[in-house]
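J.: Positions -16 to -1, 1 to 337 (mature numbering (1 follows the signal peptide of the UniProt record, and there is no 0)) are the ones given, in order, by the sequence shown. Below is the structure I would like to discuss, written out as structure tokens.
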Amino acid sequence: MIPVLICALISLSVAANDLDTLYPELEHSRTIYVTENNPRLSVAADQSKVVSRRGGNATLPCKIQMDQSLTPSRKMRIKWTKLTSDYLKEVDVFVSMDYHKQSYGTFHGRVHLRGSSPMDASLVITDITLEDYGRYKCEVIDGLEDGTVVVSLDLEGVVFPYFPRLGRYNLNFYDAERACRDQDAIVASFDQLYNAWRGKLDWCNAGWLSDGSVQYPITTPREPCGGKNTVPGVRNYGLRDKEKNQYDVFCFTSHYKGRFYYLIHPSKLTYDEAVGACQKDGAQIAKVGQMYAAWKLLGYDRCDAGWLADGSVRYPISHPRRRCSPTEAAVRFSGFPDKKHKLYGVYCFKGHD
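If you want it as structure tokens, here you go:
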């Protein structure tokens, strides 16, 4: 150990002599002081999560904090972006600099700064959509000073498992996205599925989530679902090939603008008759997501099995009772019967702005 230290000291001495030769004007005392001041500009949010609903409004907080020696310049730039599920991309939402303001993409015309004071960079989002759910970044730049903060927008809603008429495990990721969209929903995030599991969602079939992972929630462990000796939780298959692998999907939907109802009709209907009956009533045959939203968010309860737009037959029970989901509140699923069967009623949806 001692020879090594001696060699190191000799090397340092040689290096110092070389510097003296190359730069004779340097003094022998070379003490360098580095000081790091606190940032003169920063941003903060008084809450990290804001909860709203589809069709509603939300304000994402972002407060600018500046050193007293600074004043906001006309070139101060405020930019809001939406973070994607893979955290590698950001979607432009809104940019403001002096009198220049610009909103982007699906946010165009729906976002603006609250601007309650020169230090308020909070973003107001109106007429919220399902796709607005997620994490947003507020970035403020003023000359060489800058700061950022991230705020989440959560939505009141319901997660439901879905598979198409083809049967279980027939959807790749892109098919799953279309399937949820067709049912007035989006692919659920992990956080949404986790919250649904905490709310007692138990489903033994694996489904896609928005980040490309495949998972499923278990509240009552049992042999076909990971084993009866395992603990409750959200089982995770990890990230899967979005084109090659096929599973079910977990969808998420929120409040709607309109009326969901069971159509009173003198007789049972085939699928085509059901579609026509809703149209004759000035409505459309309802979608699966609309039934789940009515059941979970509005307490809709009806013990009549009825056709839905995807060709399935279901009915929503909020108050369990004999012959109508006696053990639990649930949307009961009767399968995908032959569309020519004249055995069911129909659920309709009449939207309004």
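Beta carbons: idealized from backbone N, C-alpha and C, even for Gly. From a predicted model like this one, the values you see are computed outputs, not experimental measurements.
For R286, does the count of other Cβ atoms within 10 angstroms reach 16, so buried, or fall short, so exposed?
T.: Here residue 286 refers to the residue found at position 302 of the sequence shown. Burial call: buried.
J.: Can you grab the Cα-Cα spacing for the pair G39 / V272, in whole Å?
T.: Locating residue 39 in the sequence shown gives position 55, counting from the first residue. Locating residue 272 in the sequence shown gives position 288, counting from the first residue. Answer to the nearest angstrom: the Cα atoms are 19 Å apart.
J.: If you reduce the DSSP assignment to three classes, tell me which class G183 lands in.
T.: Walking along the sequence shown from the start, residue 183 turns up at place 199. Coil at G183, not helix or strand.
J.: Should V215 be labelled buried (16 or more other beta-carbon atoms within 10 Å of its own) or exposed?
T.: Along the sequence shown, one-based indexing puts residue 215 at 231. V215 is exposed by the Cβ-count criterion.
J.: Can you round the beta-carbon distance between A313 and S302 to whole angstroms, since I take them to be within the 8 Å contact cut?
T.: Numbered from its first residue, the sequence shown carries residue 313 at position 329. Numbered from its first residue, the sequence shown carries residue 302 at position 318. The Cβ separation is near 5 Å, so the contact holds.
J.: Near V79, what residues of its chain come up, given a Cβ to Cβ distance below 6 Å and the 5 sequence neighbours on each side ignored?
T.: For the purposes of this step, residue 79 is taken as residue 95 along the sequence shown, with counting starting at 1. For V79, where only same-chain residues beyond five positions count, the Cβ hits under 6 Å are K63 and Q86.
J.: Looking only at DSSP bridge pairs, what is E74 linked to?
T.: Along the sequence shown, read from residue 1 onward, the residue named residue 74 stands at position 90. Paired residues: L67.
J.: For the alpha helix (DSSP H) holding R165, just list the boundary residues, first then last.
T.: On the sequence shown, position 181 is the one that residue 165 refers to. That run of the alpha helix (DSSP H) goes F157 to D166.
J.: List, from N- to C-terminal side, the beta strand (DSSP E) runs of 3 residues or more that fit wholly inside the segment 217 to 303.
T.: Segments of the beta strand (DSSP E) lying fully in the segment 217 to 303: 217 to 223, 232 to 238, 242 to 246 and 297 to 301.
J.: Using a Cβ-Cβ cutoff of less than 6 Å, which residues in the same chain neighbour G335 once the five nearest sequence positions on both sides are dropped?
T.: As a position in the sequence shown, residue 335 is number 351, starting the count at 1. Cβ within range, chain order: G242.
J.: What whole-angstrom Cβ distance do D159 and F174 have, given they're in contact under 8 Å?
T.: For the purposes of this step, residue 159 is taken as the residue at position 175 of the sequence shown. For the purposes of this step, residue 174 is taken as the residue at position 190 of the sequence shown. About 20 Å; that fails the 8 Å criterion.
J.: When we look at the beta-carbon of D232 and count the other beta-carbons within 10 Å, is it buried (16 or more) or exposed?
T.: Residue mapping note: residue 232 aligns to position 248 of the sequence shown, counting from 1. Burial call: buried.
J.: Report the three-state DSSP secondary structure of I(-15) (helix, strand or coil).
T.: In the sequence shown, the residue the question calls residue -15 occupies position 2. Only weak support exists for where I(-15) lies, its pLDDT of 41 falling under 50; the coordinates are left without a value.
J.: Please state whether DSSP places P102 in a helix, a strand or coil.
T.: The residue you call residue 102 lines up with position 118 of the sequence shown. Residue state, collapsed to three classes: coil.
J.: If you run the structure through DSSP and keep just helix, strand and coil, what is residue 364?
T.: Residue 364 lies beyond the residue range present for the chain, which begins at -16 and ends at 337; the question has no answer from this structure.
J.: If you draw a straight line from the C-alpha of N41 to the C-alpha of K212, how long is it?
T.: By 1-based counting over the sequence shown, the position of residue 41 is 57. By 1-based counting over the sequence shown, the position of residue 212 is 228. Near 44 Å, if we compare the C-alpha coordinates of K212 and N41.
J.: Let's see if you can read the secondary structure: which residues bound the beta strand (DSSP E) around G211?
T.: Here the question's residue 211 lines up with position 227 in the sequence shown. No beta strand (DSSP E) holds G211; DSSP gives it neither H nor E.
J.: With which residues is Q49 paired in a DSSP beta bridge?
T.: Start at 1 with the first residue of the sequence shown, and residue 49 comes out as number 65. Partner(s): S26.
J.: Have a look at Q199 and M275 and give me their C-alpha separation to the nearest angstrom.
T.: Taking the first residue of the sequence shown as position 1, residue 199 is located at position 215. Taking the first residue of the sequence shown as position 1, residue 275 is located at position 291. Each residue's Cα considered, the two are about 24 Å apart.
J.: Give the DSSP-derived three-state secondary structure of E115 in the structure shown.
T.: For the purposes of this step, residue 115 is taken as the residue at position 131 of the sequence shown. Helix at E115.
J.: Is the segment 91 to 111 touching the segment 122 to 139 in the sense that three or more CB pairs, one from each, lie closer than 8 Å?
T.: Touching, yes.
J.: Please return the same chain residues whose Cβ sits closer than 7 Å to the Cβ of D111, not counting the five positions on each side in sequence.
T.: If you number the sequence shown from 1, residue 111 lands on position 127. For D111, where only same-chain residues beyond five positions count, the Cβ hits under 7 Å are G39 and R94.
J.: For L139, which three-state DSSP category applies?
T.: The residue labelled residue 139 in the question sits at position 155 within the sequence shown. Three-state result, L139: strand.
J.: Who pairs with R316 in a beta bridge, going by DSSP?
T.: For this step, residue 316 is matched to residue 332 along the sequence shown. BP columns for R316 point to Y299.
J.: Buried or exposed: F157, going by 16 or more other Cβ atoms within 10 Å of its Cβ?
T.: Stepping through the sequence shown from its first residue, residue 157 is reached at position 173. By the neighbour-count rule (16 or more Cβ atoms within 10 Å), F157 is buried.
J.: Along the chain, where does the beta strand (DSSP E) that runs through C332 open and close?
T.: Counting from 1 along the sequence shown, the entry for residue 332 is found at position 348. Its beta strand (DSSP E) spans residues G329 to G335.
J.: Going by the CB atoms, is the gap between F236 and F333 shorter than 7 Å?
T.: Stepping through the sequence shown from its first residue, residue 333 is reached at position 349. Stepping through the sequence shown from its first residue, residue 236 is reached at position 252. No, the Cβ-Cβ distance between F333 and F236 is not below 7 Å.
J.: For M81, write down the residues that DSSP places opposite it in a beta bridge.
T.: Within the sequence shown, the letter at position 97 stands for residue 81. BP columns for M81 point to R61 and H84.
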